[in-house]
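Per UniProt numbering, residue 1 is the first one in the sequence shown, and the count goes up by one each step.
Beta carbons: idealized from backbone N, C-alpha and C, even for Gly.
Before any comments, here is the structure.
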Amino acid sequence: MIQPKRLITAGGTLVCALGIGYFMQSGSQVPAGAGGQQVASASMVATEAAATMTDAAPVEVNDLALASAAPPTLPESPAIAELPAEPVVNAALEDIPLAEMPEEEAAPSFNCEHMLSAMAQAAAMVQLTLEAPCMVNERFTLHHNGMMFSMTTDMEGTAEFAVPALSENAVFIVAFANGEGAVANASVTSLEYYDRAVVQWKGQSGMQVHALEYGADYGEAGHVWADAARDESSAALGEGGFLTRLGDPELDQALIAEVYTFPSGVAKQGGDVTLSVEAEITAANCGRDVEAQSLQKSADGSLKVQDLVLAMPECDSVGDFLVLKNLLNDLKIAGN
């Protein structure tokens, strides 16, 4: 909005400009040489213009300001709706049963149950299968009638191995380091036909079981040991014995067992079997005491247990062997 003071100033300036323009137009017709009259005429015109502005009616500032600042016309307020004559009654909502909320699904969990199965095989052997999915690459100890050896599970937590039975109602126990484990049993009715000799130890003892059948010498066909172990087929046919090595020697302080089996009850030939235990002197056992244990099961079912502590020679004897002939009893075989 234009202020009243600025309007007044603009109007006065316009009147003066019109007067001057009129004067200049009239003055242009004054002949030359009439300079004094031209100046006098200009003064008169200025005096008359001033008098004219003085006599003019003054502008009412208040009226101008009010006219310029008139507010816009506001729209009429909407009519207020009349309330109903009868009071409003709140109606109760009909109860609608809520839909059943979905049940939360149980979080998936791993099956960590350890299972050990046992199945009797030929030559009084038992095939064991261990399934422990939460024990991947874990060390465990197998226990059976006093015999113990160490093994590990594979990448899937399983292990399969065959064990010579030492009792007809054979019980096998797997024990992990955390106290967990599994148990299995098998009925081994053919055990009565077999003699078994077990030697077990811990760590790098250097021990070996040797059997010389029917008067054989070292290196001959009747010499049964780790490098000429045979298998259970020899015993099942009544031809001779076989050797089973149990445990993983790569484990630290592993429990190892060697088991010699001879088919005394079904042997085709009679004679003697000489049993001995040899201990090789190595850098791992020289100058130390080696502990071992023997378990010998006869065909009549009896089990003989004997402990051994052997003082190994000093390390300048590495490569030599100690022969222990009294740890196991020789076998007397009657031909069938």
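- Contact fails between the stretch 171-183 and the stretch 229-236, because fewer than three Cβ pairs, one in each stretch, are under 8 Å apart.
- Taken atom to atom, the span from the alpha-carbon of LEU128 to that of ASP316 is near 43 Å.
- Rounded to the nearest whole angstrom, the CA to CA distance from GLY287 to GLN204 is 13 Å.
- Judged by DSSP in its simplified three-state form, SER187 adopts strand.
- GLU160: not part of any alpha helix (DSSP H); member of the beta strand (DSSP E) spanning 158-164, first to last residue.
- With a cut-off of 8 Å on Cβ pairs, the stretch 254-262 is not in contact with the stretch 300-312, counting fewer than three such pairs.
- Exclusion of the five residues before and after ALA284 leaves GLY203, GLN204 and GLY206 as the residues of its chain whose Cβ lies within less than 8 Å of its Cβ.
- Three or more pairs of CB atoms, one per stretch, sit closer than 8 Å, so the stretch 155-165 contacts the stretch 128-138.
- In this chain, the beta strand (DSSP E) harbouring ALA120 covers 115-120.
- Ranked by Cα distance from GLN121, the options LEU191, LEU243 and LEU308 are led by LEU191.
- Membership of ALA236 in the alpha helix (DSSP H) is indicated by the continuous run 232-236.
- According to the DSSP secondary-structure assignment, ALA170 is paired through a beta bridge with ALA186.
- Take the alpha-carbon of GLN208 and the one of GLU291: they are about 13 Å apart.
- Put simply, the backbone Cα of ILE333 is about 24 Å away from that of GLN293.
- Counting C-beta atoms within 10 angstroms of its own C-beta, ASP248 has fewer than 16 neighbours from the protein chains shown and is therefore classed as exposed.
- Within the same chain, TYR214 and ILE333 come within 6 Å of GLY271 by CB-CB distance, once the 5 residues on both sides are set aside.
- The continuous beta strand (DSSP E) containing MET125 extends over residues 125-131.
- Here the stretch 274-284 lies against the stretch 319-326, with 3 or more beta-carbon pairs under 8 Å apart.
- Between VAL198 and LEU310, the C-beta gap is not smaller than 8 Å, which leaves the two residues out of contact.
- Note that the C-beta distance between LEU142 and MET135 is not below 8 Å.
- For MET147, the closest C-alpha among the options ALA229, HIS114 and ARG245 is that of ARG245.
- For SER150, the secondary structure class from DSSP, reduced to helix, strand or coil, is strand.
- The straight-line gap separating the alpha-carbon atoms of MET119 and ASP217 is approximately 36 Å.
- Assignment of beta-bridge partners to ILE333 by DSSP yields GLY271.
- Closest by C-alpha distance to ASP289, out of VAL305, TYR193 and MET312, is MET312.
- Rounded to whole angstroms, the gap between the alpha carbons of ALA165 and ASN145 is 9 Å.
- In the assembly as shown, GLY241 is a buried residue. Its beta-carbon has 16 or more other beta-carbons within 10 Å.
- It is roughly 5 Å from the alpha-carbon of ASN336 to the alpha-carbon of LYS268.
- Spanning the alpha carbons of TYR260 and GLY179 requires a straight line of approximately 31 Å.
- For the 8 Å CB-CB criterion, ILE281 and ASP227 do not form a contact.
- Taking VAL305 as the centre and dropping the five residues before and after it, the same chain places the C-beta of LEU295 closer than 6 Å to its C-beta, in chain order.
- Between the alpha carbons of ASN329 and GLY157 lies a distance of about 39 Å.
- SER298 sits in coil when the DSSP states are folded into three classes, being neither helix nor strand.
- One thing to note: PHE149 has its Cβ no nearer than 8 Å to the Cβ of TYR194.
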